[in-house]
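Residue numbers (the working numbering), protein chains in the order written: chain A, 892 to 1127; chain B, 10 to 722. Backbone N, C-alpha and C define an ideal beta-carbon position, used for all residues, glycine too. Predicted model only: the values in this text are computed from it and were never measured. I have placed the structure first, in the form of structure tokens, so that the comments after it can refer back to it.
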Amino acid sequence: MAAQPQDVQRAETVRFTLDGQQVGAYSDETIWEAARRHGVVIPHLCYKPDQVGLRPVGNCRVCMCEIEGERQLQPSCWRKPSEGMKVSSRNERAVHAQKMVLELLEADVPDESYVADSRLDHWARQLAVGKPRFSRREEPQPDLSHPAIAVNLGACIQCTLCVRACREVQGNDVIGYALRGGDSHIMFDMDDPMGESTCVGCGECVAACPTGALSIAGVDPQQQWAWQGQESEVEE
Amino acid sequence: MKQVTTVCPYCGVGCRVKLNVRDNDIVAVNGANGPANEGRLCVKGRYGFDYYRHPNRLTKPLIRRKDAPPKSADLMLDPANPLEVFREASWDEALDFAGGGLKRIRDQYGPKSLVALGCAKGSNEEAYLVQKLVRTGFGSNNIDHCTRLCHAGSVVALMQCLGSGAVSLPVRDVMKAEMILLIGANPAINHPVAASWMKNAIDQNGTKLIIADPRLQDLSRRAFMHLQSTPDTDVALLNAMIYTIIDEGLTNDAFIRDRTEGFDELKRHIQAYSPEAMAPICGIPAEDLKKAARTYAKSRASMIIWGMGSSQSQHGSDNVRCIIALALLTGQVGHPGAGLHPIRGQNNVQGASDMGLMPSRFPDYKSVEDPGQRSRFEKLWGCKLDPKKGLTSMEMMDEILADHVQGMYIMGENPAMSDANAYHARMGIAHLQHLVVQDIFLTETAYNADVVLPASTYFEKTGTYTNTDRWVQMGRQAMDPPGEVRQDLWIIQELARRVGLDWNYAGPADVFAEIRQASANMAGITWERLEREGSVVWPCRHEGDPGDAVTFIDDFPRGKGLFVPCEIVEPDERPDEEYPFVLLTGRLLEHWHTGSMTRRSRVLDAIEPDPVCYMCPHDLQEMGITAGDPVTLETRRNTIVAYVRADSKVAKGNVFMAFCYYEAAVNLLTNPTLDPEAKIPGLKYCGVRVKAGGVPASRTGFDTQATRGEAVV
């Protein structure tokens, strides 16, 4: 009888310092994953751990940490630790960056969330980010053309989890990311209303959305959770 | 709010889901990490759960009124108003009437006068009890279920050639394969989460996908080759591949020598089937047939996945024999990423077959004609058993009309919609003296019932379900049944009592304990482990056995794999001048089977509300038909009207339609001619005439939307 994969003890082959503690990491682990195993959950929005096929891309910059000797902060969801690395996820500089990103993103989304527990609101609360000081943007119109999925891009933070869910997890290739700069947004096919696009309604994008920009149509926001179905995130 | 982790009620992929339940009502469904899905779901699983609360739900037992209109194949009822024909009854009265009627017929006409259809949507425990009720209570093997219309051809061929009817490796092993051969299946529609793993394999690993199917599909875009063959020419196509593999020396000689028999005969037989000779028959250029054969044979690990397109045919078992021969010739079975996967339709069609819901097989596929096995089950069940095979589902209808069968018990099946030449099935159903139907809605089959027992939906009961990969998974009760609805296990047991069986199963765990005794392959699976782990794969022969997700590694259950040469059998109905088109049938992404569940789901009904068929745009242009208009489809058997869509995936000369529309039931048109051994009808092939125009049904669906918009075509 062959050993089952879950029974195999993995060896921590990399030693590094996380917020002053000596910790070990597996050879293929990111800083974020190693940190979580050691009880530290670094804020994250564009990264949904534990879902097969949803790779980290490091674009929301909420999980930034400082690495001693490096000029720039690094996204912990994407960067892997190396031997002897000194990582700070909670020092002043890292937390300042994390909070600033959260505040900027909060300024982009409406006050009323489309789901009961937006991950953005959750992390803003956790890091005590107050009402954003920045001006609001003009909100795009809601797209309620699909019977199952409500699209409110006003709450979209361009994290691209839905794009990866649609293209890389389910392989449906409907959601794309278009245009540049302030005009950039996700779109269905050639910017069609979702209900008229080639969307097959699998809902993988809704499950991946951290803010409720994609939510279940016809269900009270108070009864919906972003990242619902998440199995094993240790936090709170 | 409570969260219940269970399994999706729809297809054979068996995705694990988490239900958010509030006040005895499901609010939302999320994917959970199960072995088949890792959190993924499709539109049916995620948004198609609300059928259980549709107003048409049966909540009280019904008995046919004395002054009801006479039973008839033409009888159409409004499922919202069952009291037009039925009256409400207490459970005691309904069960006495149902069981008493069956008992009276058995005692008057003998055990062969009763037949039953079990259910591939129900749990293993329910399936086990239904077949036990028939074998020990009715006294015959007249028990079947929808696998007859599904993978009967595959099971016959797999049992004959390998000795086991189940898959040899899980779908997710496409991630380990170098090449996937997909025949007669459209997983992006029918097994969407399985298809997502195939897409991942292609996108991430560069796995080559070769599809053989008369109709293009969503996966074709990613395919290395799509062999768009002439319908009903599978044997020609596969034999040409076999020829190429032998002719070009691509065989795995050690594998053939050590693990197979019958090679020499196959080699002699195959000489008449060169790709050049087969190309005009199957419509694929000889070079493409050779290229496909070489790709399959030369890959490090090739996996064959096939579906109804192969098995639902007058020569369905031959198609599968050829598929098996490909794997045996090249040794593409039993090592990582290589194997045979007849992808299962219903969520528990694997389990229902494992449980012996078949006229020729006891649980664990033991033949009823094998005296040793029979005496084993006689000992387990404490009574004499019928040594003769029973009737298959299609044969049942013939025997009813020949007055050899008078009584029938149907649990959760809808032959009035799903049988080929469904009008014949409807005539059979209407001809019965006594019909007991157990279902959640008043189905087209139940219109002619004498008594209807309101059953529980998937979410209202606990039981185990076996997916296409052989994972036995725990389905957990999330809600209480509405009204006077009872759980199916209770209903079956009460019926059994009324035909004279003294059963006292306390619940599904009790039944499962007996299943372990009946099936050596599941003997090691305990209820406690299922509750703890959620999923355990069989074969699992002793407690603590992790189970084998991959089989046939060292040998086949029958010992050596058998080559069975197959000839091309002419179908009994080719397109001709009178009926020039080929009618292909299948399913839609949004609608499940006969539509009784999905057409009552708000989201699914909103996406696909009206009966539609699909034709090649060139044909529409030539015939002057505008997409979206109604067309009339006529075959030798019947006529229906549906809206037509232009679809370039459909080849010229073909019409495709799904069988989920009661108002345009395509199975009224299909050809009932059976595969001689598997007794599966050729549901996917007959001649049809298409005429512009026709009057579509004035009412579609089941009023699932509060307000209805224009027809979405």
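Where the beta strand (DSSP E) containing residue i begins and where it ends
{"i": "residue 26 of chain B", "result": "25-31"}
{"i": "residue 956 of chain A", "result": "955-958"}
{"i": "residue 907 of chain A", "result": "905-909"}
{"i": "residue 267 of chain B", "result": "Element bounds for residue 267 of chain B: not the beta strand (DSSP E) but the alpha helix (DSSP H), 262-268."}
Beta-carbon proximity list for residue i, same chain, < 8 Å, skipping 5 on both sides
{"i": "residue 518 of chain B", "result": "536"}
{"i": "residue 186 of chain B", "result": "210, 216, 308, 310, 311, 312, 346 and 347"}
{"i": "residue 485 of chain B", "result": "13, 14, 15 and 471"}
{"i": "residue 1115 of chain A", "result": "1005, 1006, 1007, 1103, 1106 and 1107"}
{"i": "residue 493 of chain B", "result": "68, 69, 70, 100 and 463"}
{"i": "residue 130 of chain B", "result": "18, 355, 356, 357, 421 and 467"}
{"i": "residue 946 of chain A", "result": "1055 and 1059"}
Among the options, nearest to residue i - alpha-carbon criterion
{"i": "residue 221 of chain B", "options": "B:179, B:233 and B:400", "result": "B:233"}
{"i": "residue 1040 of chain A", "options": "A:1106, A:1095, A:1091 and A:1075", "result": "A:1106"}
{"i": "residue 701 of chain B", "options": "B:668, B:631 and B:619", "result": "B:631"}
{"i": "residue 541 of chain B", "options": "B:30, B:43 and B:38", "result": "B:43"}
{"i": "residue 354 of chain B", "options": "B:374, B:454 and B:477", "result": "B:477"}
{"i": "residue 555 of chain B", "options": "B:533, B:563 and B:576", "result": "B:533"}
{"i": "residue 589 of chain B", "options": "B:468, B:664, B:648 and B:654", "result": "B:664"}
{"i": "residue 995 of chain A", "options": "A:979, A:1026 and A:982", "result": "A:1026"}
{"i": "residue 912 of chain A", "options": "A:1113, A:1036, A:976 and A:1063", "result": "A:976"}
{"i": "residue 113 of chain B", "options": "B:137, B:417 and B:341", "result": "B:417"}
{"i": "residue 585 of chain B", "options": "B:645, B:547 and B:634", "result": "B:645"}
Chain-order list of residues whose beta-carbon lies under 6 Å from that of residue i (same chain, five-residue window excluded)
{"i": "residue 1019 of chain A", "result": "none"}
{"i": "residue 163 of chain B", "result": "320, 329 and 351"}
{"i": "residue 22 of chain B", "result": "45, 200, 202 and 203"}
{"i": "residue 713 of chain B", "result": "609, 611 and 614"}
{"i": "residue 722 of chain B", "result": "In this prediction, residue 722 of chain B scores a pLDDT of 37, lower than 50, which makes its location untrustworthy; no coordinate-derived value is stated."}
{"i": "residue 459 of chain B", "result": "73, 443 and 444"}
{"i": "residue 892 of chain A", "result": "Legend: pLDDT at residue 892 of chain A = 40, less than 50; position of this residue unreliable, no value from coordinates given."}
Cβ separation of residue i and residue j, assumed to be a contact under 8 Å, to the nearest whole Å
{"i": "residue 72 of chain B", "j": "residue 487 of chain B", "result": "Actually they do not touch by this definition, with Cβ atoms about 30 Å apart."}
{"i": "residue 687 of chain B", "j": "residue 666 of chain B", "result": "Contact doesn't hold; Cβ gap of about 24 Å is too wide."}
{"i": "residue 530 of chain B", "j": "residue 550 of chain B", "result": "7 Å"}
{"i": "residue 236 of chain B", "j": "residue 286 of chain B", "result": "With 8 Å as the limit, residue 236 of chain B and residue 286 of chain B do not qualify as a contact, their Cβ atoms being about 16 Å apart."}
{"i": "residue 956 of chain A", "j": "residue 985 of chain A", "result": "5 Å"}
{"i": "residue 326 of chain B", "j": "residue 291 of chain B", "result": "That pair is no contact at about 19 Å."}
{"i": "residue 708 of chain B", "j": "residue 672 of chain B", "result": "7 Å"}
{"i": "residue 189 of chain B", "j": "residue 218 of chain B", "result": "5 Å"}
{"i": "residue 135 of chain B", "j": "residue 473 of chain B", "result": "Contact flag wrong, Cβ pair sits at about 10 Å."}
Beta-carbon contacts of residue i that lie in its chain and below 7 Å, excluding the five residues immediately before and after
{"i": "residue 434 of chain B", "result": "406, 424, 425 and 428"}
{"i": "residue 1123 of chain A", "result": "In this prediction, residue 1123 of chain A scores a pLDDT of 40, lower than 50, which makes its location untrustworthy; no coordinate-derived value is stated."}
According to DSSP, residues forming a beta bridge with residue i
{"i": "residue 565 of chain B", "result": "B:568"}
{"i": "residue 695 of chain B", "result": "B:592"}
{"i": "residue 39 of chain B", "result": "B:27"}
{"i": "residue 654 of chain B", "result": "B:623"}
{"i": "residue 512 of chain B", "result": "Its beta-bridge partners do not exist; DSSP assigns none."}
{"i": "residue 278 of chain B", "result": "Bridge partners of residue 278 of chain B: none, in fact."}
{"i": "residue 217 of chain B", "result": "B:188"}
{"i": "residue 929 of chain A", "result": "In the DSSP output, where bridge partners are listed per residue, residue 929 of chain A has none listed."}
{"i": "residue 642 of chain B", "result": "B:649 and B:699"}
{"i": "residue 977 of chain A", "result": "A:908"}
{"i": "residue 233 of chain B", "result": "Its beta-bridge partners do not exist; DSSP assigns none."}
{"i": "residue 370 of chain B", "result": "B:367 and B:376"}
{"i": "residue 473 of chain B", "result": "B:483"}
{"i": "residue 315 of chain B", "result": "B:192 and B:351"}
{"i": "residue 443 of chain B", "result": "B:416"}
{"i": "residue 1076 of chain A", "result": "A:1069"}
N- and C-terminal bounds of the alpha helix (DSSP H) containing residue i
{"i": "residue 304 of chain B", "result": "295-307"}
{"i": "residue 114 of chain B", "result": "100-118"}
{"i": "residue 521 of chain B", "result": "517-527"}
{"i": "residue 167 of chain B", "result": "161-170"}
{"i": "residue 254 of chain B", "result": "243-256"}
{"i": "residue 1101 of chain A", "result": "Segment: none, residue 1101 of chain A is in no alpha helix (DSSP H) and carries neither H nor E."}
{"i": "residue 949 of chain A", "result": "No alpha helix (DSSP H) contains residue 949 of chain A, which DSSP labels as neither H nor E."}
Any C-beta of chain E under 8 Å from that of residue i
{"i": "residue 943 of chain A", "result": "Looking at the structure shown, chain E is missing, and the protein chains on hand are A and B."}
Near the ligand ADP: residue i beta-carbon under 7 Å from a heavy atom
{"i": "residue 167 of chain B", "result": "Here there are no bound small molecules, and the ligand ADP is not part of this structure."}
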